[in-house]
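Participant:
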Ligand code: THU
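Residue numbers (our numbering): 2 to 305.
#1: Below 7 Å, is the gap between the Cβ of residue 219 and the nearest heavy atom of the ligand ADP?
#2: Once the 5 residues before and after residue 93 are set aside, which same chain residues still bring their CB inside 6 Å of it?
#3: Measure from the alpha carbon of residue 156 to the alpha carbon of each residue in 62, 300, 22 and 292, then state which is nearest.
#4: May I have a chain-ordered list of the beta strand (DSSP E) segments no shorter than 3 residues that lie completely inside the stretch 200-224?
#5: Given this structure, state the Cα-to-Cα distance separating residue 303 from residue 297, to the nearest angstrom.
#6: By the 10 Å Cβ neighbour count, where 16 or more other Cβ atoms means buried, how is residue 15 classified, buried or exposed?
#7: Considering just the uninterrupted stretch of the alpha helix (DSSP H) at residue 272, what are its terminal residues?
#8: Who does residue 78 pair with in a DSSP beta bridge?
#9: So which of 224, 36 and 192 has the shortest CA-CA distance to residue 108?
#10: Beta strand (DSSP E) containing residue 245: first to last residue?
#11: Relative to the alpha-carbon of residue 114, which residue among 123, 264, 150 and 235 has its alpha-carbon at the smallest distance?
#12: Inspect the beta-carbon positions of residue 214 and residue 202 and report whether they are closer than 8 Å.
#13: Determine the DSSP secondary structure at residue 305, reduced to helix, strand or coil.
#14: Locate the alpha helix (DSSP H) running through residue 166, then write down its first and last residues.
#15: Please identify the residue among 283, 273 and 154 whose C-alpha is closest to the C-alpha of residue 293.
#16: Taking DSSP as the reference, what is the three-state secondary structure of residue 28?
#17: So if DSSP puts residue 150 in a beta bridge, which residue, or which two residues, is it bridged to?
#18: Would you check if there are 3 or more beta carbon pairs closer than 8 Å linking the stretch 271-289 to the stretch 240-260?
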C-alpha cells in the first residue's frame with residue numbers, strides 16, 4: 002500500500018460562482034475544465050471510506066480526517082477500482098451505504114493548489130482549495146498558499162465550513178431512511194422475552210457514521226437495558242462523540258423514549274437534535290430533544 006498522502010484544504014460556500022471563477026483566473030489560476038464526480042460513502046469502522054467515480058475511472062479512498070473550521074490536514078489512501086459497480090455492490094452489502102454525493106466540478110490549478118468550483122446536487126455552489134503536500138513537507142508552504150488564495154477569492158469566515166459535502170447532506174436528512182433500516186434491524190434483533198416489546202435505535206454521529214442498538218432484557222429485570230443505551234454504547238465504542246440525529250423505533254402507536262433515555266440522549270445531543278419516532282414502516286413523527294426533555298439537567302450548567 003502507498004504511504005498516506007497529506008494535503009491542506011479549505012471549503013466555503015460560493016455565493017457568486019462567476020465572480021469566484023474570474024478572481025481565480027485573474028490571480029493566475031489555470032482552468033483544467035469540468036468533470037463530474039459521484040462519491041458513495043460507506044459505513045466504515047474507522048475514518049471514512051468512499052468510492053469516487055469520475056468520467057475517466059474510479060478510485061476507492063480511505064481517509065482519516067479531523068474536522069475543524071480552519072485549514073485541515075488529511076491522511077488518505079487511494080486504490081484504483083476497475084469495476085466500480087461491483088465494488089459498490091459488495092461494500093453496500095457488507096458495510097452499508099451512508100450517503101451519495103454527486104457534483105459538477107470545475108478544476109483550476111494555481112502553484113500546485115487545486116481550486117474546485119463545485120455545484121453539488123442538493124447543496125448549491127461551493128469553492129474548495131486543496132494544496133497537496135510533497136513527502137517530507139512541514140505543510141507551512143501549503144498553508145501559506147491556501148491563505149493567499151483564500152484572500153484572492155474572498156472566502157469570508159462566515160462562508161467557511163468544516164464539514165464535507167457528505168456531512169452537509171447528512172445534516173439535511175440524507176441518511177434518515179438508512180437509519181430507519183438500521184433501527185428496524187436492531188428492533189428485529191432485540192432480546193425482550195419478558196416484556197415482548199422490541200425497540201431499535203439508530204444514531205448518526207458527528208463524523209457521519211451510523212450506529213444502532215436494541216433493548217436487551219434480563220431475567221433479573223433491573224439488569225435489562227433500553228435500546229438507546231445499546232446504541233449510545235456502540236457510538237462511543239466506535240469513537241463517536243455526539244448524536245446528530247436519532248431514530249427510535251417500536252411497534253406501538255407512537256414510541257417515545259423513556260424518561261431515563263431522554264437524559265441519556267441529552268448527554269450527547271443538543272436541544273435541537275432531531276429525534277425521529279418510528280414504527281416498522283418508517284418515521285411517524287419527528288421531534289427535537291428539547292421537545293422530549295425541556296429543562297434538561299446539565300451538570301456543567303448546574304455547577305456554574
Ligand atoms: N425500552 C427501550 O428500549 N427504550 C425506551 O425508550 C423505552 C423502553 C425497552 C425497555 C424494555 O426492554 C422494554 O422496552 C419494555 O419497557
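A virtual CB, placed ideally from N, CA and C, is assigned to each residue, including glycine.
Facilitator: If we stick to the structure as given:
#1: In the structure on display, the ligand ADP does not appear, and the ligands it does have are the ligand THU.
#2: As a working note, residue 93 is residue 92 in the chain shown. For residue 93, where only same-chain residues beyond five positions count, there are no Cβ hits under 6 Å.
#3: Numbered from 1 along the chain shown, position 155 holds the residue referred to as residue 156. Per the Cα distances, 22.
#4: 200-206 and 211-215
#5: Residue numbering aside, residue 303 sits at position 302 when the chain shown is read from its first letter. Residue numbering aside, residue 297 sits at position 296 when the chain shown is read from its first letter. Looking at the two C-alpha atoms, the distance is approximately 11 Å.
#6: Taking the first residue of the chain shown as 1, we reach residue 15 at position 14. Residue 15 is buried by the Cβ-count criterion.
#7: Here residue 272 refers to the residue found at position 271 when the chain shown is read from its first residue. Segment: none, residue 272 is in no alpha helix (DSSP H) and carries neither H nor E.
#8: Taking the chain shown and counting its residues from 1, the one referred to as residue 78 is at position 77. DSSP output for residue 78 lists 63 as bridge partner(s).
#9: Residue 108 sits at position 107 when you count from the first residue of the chain shown. Of the candidates 224, 36 and 192, the one whose C-alpha sits nearest the C-alpha of residue 108 is 36.
#10: Residue 245 sits at position 244 when you count from the first residue of the chain shown. Segment 244-251, the beta strand (DSSP E) holding residue 245.
#11: Here residue 114 corresponds to residue number 113 of the chain shown, with the count starting at 1. Among 123, 264, 150 and 235, the Cα nearest to that of residue 114 is on 150.
#12: As a working note, residue 214 is residue 213 in the chain shown. As a working note, residue 202 is residue 201 in the chain shown. Going by C-beta atoms, residue 214 is nearer than 8 Å to residue 202.
#13: Residue mapping note: residue 305 aligns to position 304 of the chain shown, counting from 1. Note: residue 305 maps to coil in three-state DSSP.
#14: Position 165 of the chain shown holds residue 166. 166-172 is the extent of the alpha helix (DSSP H) around residue 166.
#15: Here the question's residue 293 lines up with position 292 in the chain shown. Per the Cα distances, 273.
#16: As a first step, residue 28 must be located in the chain shown, where it is residue number 27. Residue 28: coil per DSSP, three-state reduction.
#17: Along the chain shown, read from residue 1 onward, the residue named residue 150 stands at position 149. Residue 150 is not bridged to any residue.
#18: yes
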